[in-house]
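Numbering (the numbering used here), first residue to last: 3 to 275.
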Amino acid sequence: MNQIRPAAVAGAFYPGESGVLMHDVKAMLAAAQAHPSGARTTPPKALIVPHAGYIYSGPIAASAYAQLIPARATIRRVVLLGPVHRVAVRGLALPGSVDSFETPLGIVPLDRQAMDSIADLPQVVDSPPAHAWEHSLEVQLPFLQQVLDDFSLVPLAVGDATPQEVAQVLERLWGGEETVIVISSDLSHYLPYDVAKRVDHGTAQAILALDAPVSHEQACGGTPVNGLLLAARHHRLAAQLLDLRNSGDTAGDRDRVVGYGAFAFFENRGHEH
3 MNQIRPAAVA GAFYPGESGV LMHDVKAMLA AAQAHPSGAR TTPPKALIVP HAGYIYSGPI
63 AASAYAQLIP ARATIRRVVL LGPVHRVAVR GLALPGSVDS FETPLGIVPL DRQAMDSIAD
123 LPQVVDSPPA HAWEHSLEVQ LPFLQQVLDD FSLVPLAVGD ATPQEVAQVL ERLWGGEETV
183 IVISSDLSHY LPYDVAKRVD HGTAQAILAL DAPVSHEQAC GGTPVNGLLL AARHHRLAAQ
243 LLDLRNSGDT AGDRDRVVGY GAFAFFENRG HEH
């Protein structure tokens, strides 16, 4: 029997009605495509995207997901990592016997073969509770459902782990052009607007330089971000900043803001052997 992880934050972090959700996601993607960030002939290998409510961070996330549209028929697997917010775990948690994740836009099947390929690693655990209410992964799915055709998902809820442990998992799942890696992370939290802009600018420069470690004060998803930065250095990826704003720029006041950044990582084909 097919076991489905139902949508937990539809109607809260993003619209719960499929028609409204599809309209909003399409509109954010269209706005991102109207103001592209640099010309690239190849799709990114990895993205860093925020995970707040869509009214706050959706436009920033859209600038990253728009990069995948030209490869919508090529990308067949998404390796999605985000930090745990509700249930503490040691390592990187898979969702147990779940076969698919659901959103108002439909069902996303999980890549059981890929999940099995990392199950022997000591830092990989099963934790259905870590996934049950976790928004950092779920809010990415409607965007992925809109920009890709048929794809399967490897969802990892990241708790207490080292950058090396995360990078080892990414290495197992790296794949070729059929695989894209998505890291879900916001940036600074609850700083005054001008302070947040300075802090997030510094964090963005560190990410662009592939300069780990990024602290959890700089990025709530610092653990998966740092793992990606290690892997990106190993594979000689080039990072590009697509958007850098905060909730004071989108839908919130400027007294205490949350920072959002969108980054894409591209394979530098001139360095391939």
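Glycine included, C-beta positions come from ideal geometry on N, C-alpha and C.
message: Using CA atoms only, rank isn't needed, just tell me which of HIS237, HIS133, PRO61, THR105 is closest to GLY261.
response: PRO61
- prompt: With 16 other CB atoms within 10 Å as the buried threshold, where does VAL22 fall?
  reply: Exposed, by the Cβ-count rule.
For ASP188: DSSP bridge partner residues: BP columns for ASP188 are empty, so no partner.
- prompt: Closest to SER217 by CA distance: which of VAL227, ALA211, LEU210 is it?
  reply: The option with the nearest alpha carbon to SER217 is VAL227.
query: Are three or more beta carbon pairs between the stretch 70-77 and the stretch 150-169 nearer than 8 angstroms?
result: yes
message: Any contact between the stretch 242-252 and the stretch 94-107? By contact I mean 3 or more CB pairs, one from each, below 8 angstroms.
response: no
message: Here's a check: name, in chain order, each residue in its chain whose Cβ is nearer than 8 angstroms to the Cβ of HIS203, leaving out the five neighbours to either side.
response: So the qualifying residues of the chain are LEU246.
query: From what residue to what residue does the beta strand (DSSP E) around ARG247 run?
result: 239-248
- prompt: In chain order, what residues of the same chain lie with their CB nearer than 6 angstroms to the CB of GLN5, ignoring the 5 residues before and after it?
  reply: SER99, VAL100, ASP101
- prompt: Would you call HIS273 buried or exposed, if buried means 16 or more other Cβ atoms sit within 10 Å of its Cβ?
  reply: At HIS273 the pLDDT is 44, less than 50, meaning the model places this residue with poor confidence; the figure from the coordinates comes in the next sentence. Looking at its Cβ environment, which holds fewer than 16 other Cβ atoms inside 10 Å, HIS273 is exposed.
For PRO130, the nearest candidate out of PHE267, SER154, ALA159, LEU146 (CA to CA): ALA159
- prompt: Per DSSP, which one or two residues make a beta bridge with GLY108?
  reply: THR105.
message: Determine whether the beta carbon atoms of LEU94 and VAL11 lie at a separation below 8 angstroms.
response: no
- request: Step through the CB atoms of chain C and report whether any lies within less than 8 angstroms of the CB of VAL80.
  value: In the structure shown, chain C does not exist; there is a single protein chain.
field: Cβ-based burial, VAL197 [other Cβ within 10 Å; buried from 16]
entry: exposed
query: Roughly how many angstroms lie between the CA atoms of PHE280 and GLU104, to the nearest whole one?
result: Since the first residue shown for the chain is 3 and the last is 275, residue 280 is missing from the structure and cannot be characterised.
query: What residues in its chain sit with their C-beta under 7 angstroms from that of HIS275, if we drop five residues either side in the sequence?
result: With a pLDDT of 39 at HIS275, under the threshold of 50, the predicted position of this residue should be treated as unreliable, though the coordinate-derived value follows. Shown here for HIS275: not one same chain residue has a beta carbon closer than 7 angstroms to its own, the five before and five after excluded.
message: Taking the beta strand (DSSP E) that GLU2 belongs to, which residues open and close that run?
response: Outside the shown range of the chain, which is 3 to 275, sits residue 2, and nothing can be said about it.
message: I need the straight-line Cα distance from PHE15 to GLY55, nearest angstrom please.
response: So the two alpha carbons sit approximately 4 angstroms from each other.
message: According to DSSP, simplified to helix, strand and coil, what is VAL27?
response: In the structure shown, VAL27 sits in a helix (DSSP, three-state: H, G or I).
field: Beta-carbon proximity check, SER119 vs ARG174, cutoff 8 angstroms
entry: Annotated as proximal: SER119 and ARG174, with beta-carbon spacing under 8 angstroms.
message: For THR43, which residues in the same chain have their Cβ closer than 6 angstroms to its Cβ, ignoring the five residues on either side in sequence?
response: none
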